[in-house]
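A.B. asks: In our numbering, the protein residues as written are 228 to 670. If you scroll down you'll find the structure; I have some questions about it.
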Amino acid sequence: MRSKKLFVLLGVVATSTISVFAQGAGQAPQTPPADDPIKVMVDQLDLDKYKATLKGLTQFGDRRQGTERNREAVNWIEAQLKSYGYTNAERIKYDPPVPSSPCGPSVPESIVVRPAPRAGGAGAARGGARGGGRGQSNVAQGGGRIVGNRARTGVNCDPMAQPDARIRALDSGPIIPGPVDEVYVTKVGTRYPNEMYIVAAHMDGHGYNEAVDDDGSGTALVMEIARVFADPRVQTERSIRFALWNGEETGLNGARAYVAQRQALQGIEEPKGSGKYPEPKWIAMIQHDMMMWDHGMPIPEIGPDGKQVMDANGRGMFVAPKEQRAEADVNVEFAITSKFADDAMKLAFKFKLAGEKYATDYPVNVGPHMTNTDSGAFQDIVPSISLRENERGAQTGAGWNPTWHTPLDVWSTFSDKDFRLGLNAAQTTLSAVAQLAGATIRK
Ligand SMILES: [Zn+2]
């Protein structure tokens with residue numbers, strides 16, 4: 228019954244009307260002139276296109292690494308990037324570790340095709356969204372202090388917890404042994420083709436859902452930015468690589484494979500005298516992971532008696548607020564413990580300034596505890612940052628996002644206020660990277 232109530236609550240999110248956002252209106256230090264090339268580029272992003280790309284990713288369900296749906300998603304992403312005009316799409320292959328998931332190596336199909344036991348029975352969503360986290364450490368993984376209300380987190384491994392039979396069927400295929408692929412394309416710099424920024428997100432997910440927020444939201448963001456840079460009238464002095472990592476959820480497998488295979492190739496001209504650099508020297512790495520949900524701290528679940536609902540162990544239950552909070556922001560994080568902390572911090576603040584100027588609805592804030600995403604594979608090699616909806620350690624880690632790795636990470640959970648936060652992160656990264664890479668628009 229409790230799970231049903233939560234489900235209804237989140238249903239309200241999905242159908243809530245869009246309001247005009249006031250956030251950030253008074254914050255922009257300056258309004259860019261209409262002929263500002265960066266603004267012209269940012270204006271090529273819009274909510275409908277971002278949503279359309281993200282919706283396209285949902286046709287492959289949770290895109291779990293090693294499955295057929297994961298392979299089809301890589302193919303689809305590559306086809307999209309080519310349709311934008313890229314002729315240099317490349318792939319690397321790697322062997323994922325075994326076992327490759329907290330849910331085990333694979334799931335028998337027979338489990339998945341049974342009908343759901345009850346309508347709205349989002350059992351794992353209940354698990355993900357509720358439960359006081361008392362007794363846990365107050366220091367989040369990767370640093371930062373967790374304060375305030377906490378909800379339980381964890382990966383849903385029960386296919387039957389997904390109430391939508393269509394999504395259960397989508398997510399039903401087994402893990403296929405053998406290597407997996409990941410794809411990237413490159414905007415080649417006109418002046419320094421031998422140096423590049425890496426703009427990335429992970430395309431795999433798990434939890435028996437559509438991996439909409441984690442991390443379709445980052446994948447669509449990178450693809451949309453790649454689309455804008457693909458315009459032949461746009462030129463950049465330095466190169467930009469758009470990479471869609473595979474296998475993040477099982478230990479940054481795809482990003483680590485990329486580093487292992489490509490790090491030593493940096494800056495080498497191949498063939499000699501060709502002016503071509505298959506692996507330009509890395510200037511910085513910019514990761515995007517979970518871009519849309521900033522509803523704030525879990526709030527006590529109040530029962531019909533007006534008191535907080537308790538679980539069997541007498542711990543208070545918490546639920547997620549249904550609306551994007553008024554203080555919602557884009558969080559740019561760097562790792563204070565990394566070798567390039569100072570440069571990464573400066574980079575993060577450049578993103579904040581870019582957001583102040585070019586993001587339309589939400590502010591951008593900087594934090595020092597980047598953790599648990601693909602940029603970790605790069606942080607001691609090159610200045611690295613991540614953009615997210617929340618601070619990963621202290622907020623996501625404290626259960627602020629009930630969709631995280633649960634059956635709630637599906638299209639119908641999110642409202643345009645959520646999608647718009649993702650769009651604002653896209654505006655931030657596009658404008659920051661365009662400035663850093665020296666973008667101009669040819670008349
Ligand atoms: Zn993720």
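Using N, Cα and C, we set each Cβ at its ideal position, and we do this for glycine too.
#1: If you pair each beta-carbon of the segment 398-412 with each one of the segment 601-617, do three or more pairs fall below 8 Å?
#2: So L471 and M430 are in contact, right, with Cβ under 8 Å, and what is the actual spacing, rounded?
#3: May I ask you to check if the CB of D538 is nearer than 6 Å to at least one heavy atom of ligand 1?
#4: Which runs of the beta strand (DSSP E) fall wholly inside the segment 514-562 and span at least 3 residues, in chain order?
#5: Three-state secondary structure (DSSP) at A356?
#6: Quick check on E550 - is its C-beta less than 7 Å from some C-beta in chain D?
#7: State the Cα-Cα distance for the pair G543 and E528, rounded to the nearest angstrom.
#8: Check whether the Cβ atoms of T640 and V557 sit closer than 7 Å, and answer yes or no.
#9: Since D645 and Q551 are thought to touch, with beta carbons under 8 Å apart, how far apart are those beta carbons, to the nearest angstrom?
#10: On the three-state DSSP scale, how would you describe Q462?
#11: Touching or not, the segment 392-399 and the segment 274-283, by the rule of three or more beta carbon pairs under 8 Å?
#12: Assuming N473 and E554 form a contact by the criterion Cβ under 8 Å, report the distance between their Cβ atoms to the nearest whole angstrom.
#13: Going by the beta-carbon positions, is the gap between Q514 and S565 smaller than 7 Å?
#14: Use the C-beta contact count for A484: other C-beta atoms within 10 angstroms, 16 or more gives buried, fewer gives exposed.
#15: Starting from M268, trace the alpha helix (DSSP H) both ways and give me its first and last residue.
#16: Determine the extent of the alpha helix (DSSP H) in which E583 is found, giving its start and end residues.
#17: Got a sec: does ligand 1 put a non-hydrogen atom nearer than 6 Å to the Cβ of D516?
#18: Determine which residues share a DSSP beta bridge with W509 and list them.
#19: Can you say whether V301 is buried or exposed, counting buried as having 16 or more other CB atoms within 10 angstroms of its CB?
#20: Which partner residues does V412 have in the DSSP bridge list?
#21: Considering just the uninterrupted stretch of the beta strand (DSSP E) at R318, what are its terminal residues?
#22: Going by the CB atoms, is the gap between V591 and A575 shorter than 7 Å?
#23: Between L308 and L650, how many whole angstroms is the CB-CB distance? I'm expecting something under 8 Å.
#24: Need the endpoints of the beta strand (DSSP E) that L492 sits in, please.
#25: Within 10 angstroms of its Cβ, does S310 collect 16 or more other Cβ (buried), or is it exposed?
#26: Using beta-carbon positions only, say whether A453 and F578 come within less than 7 Å of one another.
#27: Grab me the residues of L663's own chain with a C-beta within less than 6 Å of its C-beta, minus the 5 sequence neighbours each way, in chain order.
#28: With respect to 6 Å, is the separation between the Cβ of D645 and the closest non-hydrogen atom of ligand 1 below this value?
#29: I need the DSSP call for G594, collapsed to helix, strand or coil.
#30: In the DSSP assignment, find the unbroken beta strand (DSSP E) run with T667 in it and report its ends.
#31: Quick one: what's got a C-beta closer than 7 Å to L272's C-beta in the same chain, skipping five residues either side?
#32: Determine the DSSP secondary structure at V637, reduced to helix, strand or coil.
#33: Alpha carbon to alpha carbon, how far is T314 from M572?
#34: What number of angstroms, rounded off, separates the C-alpha of L284 from the C-alpha of K549?
#35: Measure the CB-CB distance between V415 and V449 and report whether it falls below 7 Å.
#36: Going by C-alpha to C-alpha distance, which of D289, D516, V536 sits closest to V637?
C.D. replies: Taking the coordinates as given:
#1: no
#2: 4 Å
#3: Result no, Cβ not under 6 Å from ligand 1.
#4: 557-560
#5: Unreliable positioning characterises A356 in this predicted model, as indicated by a pLDDT of 38, which lies under 50. A coordinate reading is not provided.
#6: You won't find chain D in this structure, because it holds only one protein chain.
#7: One C-alpha to the other measures close to 8 Å.
#8: no
#9: 6 Å
#10: strand
#11: The segment 392-399, when compared against the segment 274-283, does not touch it at the 8 Å Cβ threshold.
#12: Actually they do not touch by this definition, with Cβ atoms about 34 Å apart.
#13: no
#14: buried
#15: It spans 264-269 - the alpha helix (DSSP H) in which M268 sits, taken as one unbroken run.
#16: Unbroken alpha helix (DSSP H) run through E583: 568-585.
#17: The answer is yes for D516.
#18: M423
#19: buried
#20: F469
#21: DSSP places R318 in the uninterrupted beta strand (DSSP E) bounded by 317-321.
#22: no
#23: So it is not a contact: roughly 19 Å between Cβ atoms.
#24: From DSSP, L492 is part of no beta strand (DSSP E); its letter is neither H nor E.
#25: exposed
#26: no
#27: none
#28: No, the Cβ of D645 stays beyond 6 Å of every heavy atom of ligand 1.
#29: strand
#30: DSSP places T667 in the uninterrupted beta strand (DSSP E) bounded by 666-668.
#31: E451, V455, L650, A653, Q654, L657
#32: coil
#33: 34 Å
#34: 24 Å
#35: no
#36: D289
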